[in-house]
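**Student:** Just so you know, the protein sequences line up as chains A and B, in that order.
The numbers in this note's numbering rise by one with no breaks, and the one at position 195 of the first sequence is 818.
The numbers in this note's numbering rise by one with no breaks, and the one at position 36 of the second sequence is 659.
Think of the CB as a built atom: it goes at the ideal place given N, C-alpha and C, for glycine as much as any other residue.
There are 2 protein chains.
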Amino acid sequence: MIDFEKIKAIYKLGKELSLQDIQLLIAAATPKSFAPTAYLIEEGATKREIHFIVKGLVRVFIVNDKGEEITSRVVTENHPATSSDIILFNRPSRFYIQAIEPTKTLTIDFDELQLIIEKHPKLMRLRRNILFDLLRESTTHIESFILLSPEERYLQFVENYADICSRIPDKYIANILGITPVSLSRIRKRIAGRK
Amino acid sequence: MIDFEKIKAIYKLGKELSLQDIQLLIAAATPKSFAPTAYLIEEGATKREIHFIVKGLVRVFIVNDKGEEITSRVVTENHPATSSDIILFNRPSRFYIQAIEPTKTLTIDFDELQLIIEKHPKLMRLRRNILFDLLRESTTHIESFILLSPEERYLQFVENYADICSRIPDKYIANILGITPVSLSRIRKRIAGRK
DNA sequence: CATCGTTATTATCTTTTGTTAACGTCACCA
DNA sequence: TGGTGACGTTAACAAAAGATAATAACGATG
Numbered sequence: 624m625i626d627f628e629k630i631k632a633i634y635k636l637g638k639e640l641s642l643q644d645i646q647l648l649i650a651a652a653t654p655k656s657f658a659p660t661a662y663l664i665e666e667g668a669t670k671r672e673i674h675f676i677v678k679g680l681v682r683v684f685i686v687n688d689k690g691e692e693i694t695s696r697v698v699t700e701n702h703p704a705t706s707s708d709i710i711l712f713n714r715p716s717r718f719y720i721q722a723i724e725p726t727k728t729l730t731i732d733f734d735e736l737q738l739i740i741e742k743h744p745k746l747m748r749l750r751r752n753i754l755f756d757l758l759r760e761s762t763t764h765i766e767s768f769i770l771l772s773p774e775e776r777y778l779q780f781v782e783n784y785a786d787i788c789s790r791i792p793d794k795y796i797a798n799i800l801g802i803t804p805v806s807l808s809r810i811r812k813r814i815a816g817r818k
Numbered sequence: 624m625i626d627f628e629k630i631k632a633i634y635k636l637g638k639e640l641s642l643q644d645i646q647l648l649i650a651a652a653t654p655k656s657f658a659p660t661a662y663l664i665e666e667g668a669t670k671r672e673i674h675f676i677v678k679g680l681v682r683v684f685i686v687n688d689k690g691e692e693i694t695s696r697v698v699t700e701n702h703p704a705t706s707s708d709i710i711l712f713n714r715p716s717r718f719y720i721q722a723i724e725p726t727k728t729l730t731i732d733f734d735e736l737q738l739i740i741e742k743h744p745k746l747m748r749l750r751r752n753i754l755f756d757l758l759r760e761s762t763t764h765i766e767s768f769i770l771l772s773p774e775e776r777y778l779q780f781v782e783n784y785a786d787i788c789s790r791i792p793d794k795y796i797a798n799i800l801g802i803t804p805v806s807l808s809r810i811r812k813r814i815a816g817r818k
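#1: What distance in whole Å lies between the Cβ atoms of P715 (chain B) and H674 (chain B), which are believed to be in contact at a cut-off of 8 Å?
#2: Can you pull out the residues from the region 737-754 of chain A whose beta carbon lies closer than 9 Å to at least one beta carbon of chain B?
#3: Over the uninterrupted beta strand (DSSP E) stretch that includes A722 (chain A), give me the two end residues.
#4: I want to know whether the region 799-811 of chain A touches the region 777-789 of chain B - three or more CB-CB distances under 8 Å.
#5: Evaluate the contact criterion for the region 726-738 of chain A versus the region 716-732 of chain B: three or more CB pairs, one atom per stretch, below 8 Å.
#6: The beta strand (DSSP E) with E692 (chain B) in it runs from where to where?
#7: Pop quiz: I693 (chain A) and I685 (chain A) are said to be a contact at Cβ under 8 Å. What is the actual Cβ separation, rounded to whole angstroms?
#8: Between V697 (chain B) and the rest of its own chain, which residues show a CB-CB distance below 8 Å, the 5 nearest in sequence each way excluded?
#9: Please list, in chain order, the residues of the region 787-810 of chain A that have any C-beta partner in chain B closer than 8 Å.
#10: Closer than 6 Å by C-beta to F718 (chain A): which residues in its own chain qualify, once you throw out the five before and the five after it? Chain order, please.
#11: Mind checking the region 754-767 of chain B against chain A and listing, in chain order, the residues whose C-beta falls within less than 8 Å of any C-beta there?
#12: Let's test the definition: count the other Cβ atoms within 10 Å of the Cβ of Q643 (chain B) and tell me whether it reaches 16, buried, or not, exposed.
#13: Do we get a CB-CB distance below 8 Å when we pair S706 (chain B) with the residues of chain A?
#14: Relative to the C-alpha of N713 (chain A), which residue among B:I720, B:I710 and B:F755 is closest?
#15: Excluding five sequence neighbours on each side, which residues of the same chain lie with their C-beta closer than 7 Å to the C-beta of M624 (chain B)?
#16: Which residues of the region 681-704 of chain A have a Cβ closer than 9 Å to any Cβ of chain B? Give them in chain order.
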């Protein structure tokens, strides 16, 4: 029995995959569902999972020393959500990943995925594409901190992520911009006053 | 004739490479030398090159609308220096890459490197490692902007990059931290006063 | 050894942000 | 339906950062 939803989701990740390759991935992936506020990953987790977001929206956040939740990024459809601590640094996650909207994922064990990729070189391009996507996003984010003022950062964010803006509270946006929600509110007022 | 310098440099990039694999890379790479202030890549460049820094130190900077040079990162020994614009976004580079110290590189055409990797799956792990390194660096950088104050960011930088700090001017550090050189000077004074 | 240019510091002033707290709005739920 | 909590805005104050300019320290170079 073929799950077309799954096929479609995986297909979007690597545009040049054969049906055979896709079936390999489907066999290894588990579809999961998360209600809003449910956690895909919690602090302290070590399970090396990658959650490909098929539908919905999640946020990555960390609890700082003052007990505040600081959102570092949001992950949308067709992108991988994972804890950098677990996957990149091999240490327990300091981050939570939480569903904002009802979310469906294809969840794959990272190490199992690596084995599949090693055995099927055609899939390597898929991995490359995913890593490139992540690098594109993070270099752009860093650039915004180095070159732009908070206000310019906000304007750029609204422009680049117009669809996401309306789906998440402002306080998450403030965190992602590296400022406080109060400051973001003032910036919005300033911008509105100039129009 | 075997170039041991080259072998050593490449070997550091991928710890599990066979001699055969290493020779493949050597054949494709050109050793280059740059005097301080020389450019490895200039604004407008489109040549898809990766410069592996074998020895020395370079900085990546961009000229903003006010004509100021803003340094976004420095690249040290055994790391790849390249323009994100060219490689990740397929557009002309807005960035310069400039040697700070006398620098020796192994320079490889990116697309040629991809072809070699596709033909020799064992090298794929090398690519993965390099991309992971870059992702580790950039996620840490973003985290510092979101979670830390400029002062904390500076303290963390000094701790993590003690060796580099003494090799580059403070104004580069200020840029990397997303603040002005004047502000960094004040932060240093504040810290010194508390000791 | 003197000089020039770059870099770092310091001062002054303005602008922005952080912090804390109060207030209105809204959604959700008992 | 009344209450509770989360969110965004606003206010007031303190702290920090940006902008600009002047000065001091330093290195390279002739």
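**Tutor:** Working from what's here:
#1: On the second sequence, position 51 is the one that residue 674 (chain B) refers to. On the second sequence, position 92 is the one that residue 715 (chain B) refers to. So it is not a contact: roughly 17 Å between Cβ atoms.
#2: Q737, I740, E741, P744, M747, R748, R750, R751 and L754
#3: If you number the first sequence from 1, residue 722 (chain A) lands on position 99. F718 to A722 is the extent of the beta strand (DSSP E) around A722 (chain A).
#4: no
#5: no
#6: Stepping through the second sequence from its first residue, residue 692 (chain B) is reached at position 69. That run of the beta strand (DSSP E) goes E692 to T699.
#7: Residue 693 (chain A) sits at position 70 when you count from the first residue of the first sequence. Residue 685 (chain A) sits at position 62 when you count from the first residue of the first sequence. Confirmed, Cβ separation roughly 5 Å.
#8: Locating residue 697 (chain B) in the second sequence gives position 74, counting from the first residue. The residues are L680, V681, R682, V683, I723, I787, I791, Y795 and I799.
#9: N798, I799 and G801
#10: Position 95 of the first sequence, counted from the start, is the residue given in the question as residue 718 (chain A). The residues are V683, I685 and S706.
#11: L754, F755, L757, L758, R759, S761, T762, H764, I765 and E766
#12: As a first step, residue 643 (chain B) must be located in the second sequence, where it is residue number 20. Looking at its Cβ environment, which holds fewer than 16 other Cβ atoms inside 10 Å, Q643 (chain B) is exposed.
#13: On the second sequence, residue 706 (chain B) is found 83 positions in, with the first residue counted as 1. No, because no Cβ of chain A sits closer than 8 Å to the Cβ of S706 (chain B).
#14: Against the first sequence, residue 713 (chain A) aligns to sequence position 90. When only C-alpha atoms are compared, the closest one is B:F755.
#15: For this step, residue 624 (chain B) is matched to residue 1 along the second sequence. Because the pLDDT at M624 (chain B) is just 39, under 50, the model does not fix this residue reliably, and the value given afterwards should be weighed accordingly. Closer than 7 Å at the Cβ level, and outside the excluded window around M624 (chain B), lies no residue.
#16: I685, N687, I693, T694, S695 and R696
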